[in-house]
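Chemist: The following block contains the structure, expressed as structure tokens.
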Amino acid sequence: MTPPLRHHGQPPRRPNIGISPDWTEAGEGNPFARYELKAVYSEAVLRAGGLPFVLPYSDDPTCVEAYLDRVSGVLITGGAFDINPVAYGDTAREGMGPMKEARTAFESALMRAALKRNMPVLGICGGMQLLNVVLGGTLYQDIGRELPEAREHEQKHDRTHPQHPVDVKDGTLLAEAVGKGQLMVNSTHHQAVKALGNQVVASAVSSDGVTEAIESSAHAFALGVQWHPEYMLTTLPVHGGVYKVFIHKARDYRR
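Heads up, the sequence shown is in this note's numbering, so the first residue is 25 and it goes up one at a time.
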């Protein structure tokens, strides 16, 4: 039997993308704990051709594996919290921010399991820092205290506009997404990558020496960016390339 013909111009399949949400504890004025996700993350996935799904936390490994059975890529988002330095063999010092242990535990398990499958992983801001830690790297706990010569990396103005330039290295996944050379980025972080993880390369660096993007040479697509490209899809459309390449790799992962 002859298969039916596809109509010319039929859009490509949208791969399922699992997104890690933030978590707010129950408290005064908020009787129930709740998951939260900034809409720009799902909007960026949709605009790039993916289908976003929010993944509630679980400490059950079989649940994590079940999630991964149903998605083709994992997006680890950022948030106003820090990774416990115990995860990279350090102790907390002055300048450390609040921690969200349940979130970090879930995201770490999800990321490790996805990398084991060689499933595409994209880490945004804190998600990039977690990618480095999961792959054996370390972090500066507070840029202002540990890198006093560095520029200000927590911008006060609108995040839809950039703060400073970074140099995107040629021949990297990031260069494939946004082009090599100078790229203007926004900046909302007080921590940064210190020692790179195993088989991790810096694919973008700011002029003050802070690592702004990383990727794993041991995986098909494991990319982390320290900035928030999803905030600048309209003001600097080139940043949409980060999500477009991620979605393309996710589509290739499971055809």
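Idealized CB from N, CA, C, for every residue including glycine.
CA-CA distance, VAL249 and PRO55?
Modeler: Looking up residue 249 in the sequence shown gives position 225. Looking up residue 55 in the sequence shown gives position 31. Taking the straight line joining both Cα atoms gives about 35 angstroms.
Chemist: Three or more C-beta pairs under 8 angstroms: does that hold for the region 159 to 168 against the region 213 to 221?
Modeler: The region 159 to 168 is in contact with the region 213 to 221.
Chemist: Does the contact criterion of 3 or more C-beta pairs under 8 angstroms hold for the region 106 to 116 versus the region 135 to 142?
Modeler: Too few Cβ pairs lie closer than 8 angstroms, so no.
Chemist: Give the range of the alpha helix (DSSP H) segment to which ASN156 is assigned.
Modeler: The residue labelled residue 156 in the question sits at position 132 within the sequence shown. Taken as a continuous stretch (DSSP letters only), the alpha helix (DSSP H) holding ASN156 covers 150 to 158.
Chemist: Near ALA104, which residues of its chain fall below 8 angstroms by C-beta distance, leaving aside the five closest residues on each side in sequence?
Modeler: Translated into the one-based positions of the sequence shown, residue 104 becomes position 80. Counting only Cβ-Cβ distances below 8 angstroms, and skipping sequence neighbours, we find GLY121, PRO122.
Chemist: Quick check on this structure: which residue in THR48, HIS272, LEU70, GLY119 has the alpha carbon closest to the alpha carbon of ALA201?
Modeler: Sequence index remark: in the sequence shown, residue 201 carries index 177 (1-based). Comparing Cα positions, the closest option is HIS272.
Chemist: Less than 9 angstroms separating the beta-carbons of LEU146 and VAL266?
Modeler: As a first step, residue 146 must be located in the sequence shown, where it is residue number 122. As a first step, residue 266 must be located in the sequence shown, where it is residue number 242. Cβ distance < 9 angstroms, so LEU146 and VAL266 count as in contact.
Chemist: Could you give the residue range of the beta strand (DSSP E) that holds HIS181?
Modeler: For the purposes of this step, residue 181 is identified with residue 157 of the sequence shown, where counting begins at 1. Premise fails: HIS181 is in no beta strand (DSSP E) and is neither H nor E.
Chemist: Please work out which residues of its chain come closer than 8 angstroms, Cβ to Cβ, to GLU131, disregarding the five sequence neighbours upstream and downstream, and give them in chain order.
Modeler: For this step, residue 131 is matched to residue 107 along the sequence shown. SER44, ILE100, GLY151, LEU154, listed in sequence order.
Chemist: Are three or more beta carbon pairs between the region 50 to 64 and the region 83 to 94 nearer than 8 angstroms?
Modeler: No: fewer than three Cβ pairs fall under 8 angstroms.
Chemist: Cβ of GLU173 within 9 angstroms of Cβ of GLN187?
Modeler: Numbered from its first residue, the sequence shown carries residue 173 at position 149. Numbered from its first residue, the sequence shown carries residue 187 at position 163. No; because the gap between Cβ atoms is not below 9 angstroms, this pair is not in contact.
Chemist: Output yes or no for whether 9 angstroms exceeds the beta carbon distance between LEU134 and GLY42.
Modeler: If you number the sequence shown from 1, residue 134 lands on position 110. If you number the sequence shown from 1, residue 42 lands on position 18. Yes; because the gap between Cβ atoms is below 9 angstroms, this pair is in contact.
Chemist: Need the endpoints of the alpha helix (DSSP H) that PHE130 sits in, please.
Modeler: Translated into the one-based positions of the sequence shown, residue 130 becomes position 106. Element bounds for PHE130: 125 to 140.
Chemist: Between the alpha carbons of GLN206 and GLU178, how many angstroms are there, rounded?
Modeler: One-based indexing of the sequence shown puts residue 206 at position 182. One-based indexing of the sequence shown puts residue 178 at position 154. Spanning the two alpha carbons is a distance of roughly 20 angstroms.
Chemist: Which residues in the same chain as TYR65 place their Cβ atom closer than 8 angstroms to its Cβ, once the five residues preceding and following it in sequence are excluded?
Modeler: The residue labelled residue 65 in the question sits at position 41 within the sequence shown. Excluding residues within five positions, the ones whose Cβ falls inside 8 angstroms are ILE43, PRO76, LEU99, THR101, ILE148, GLU254.
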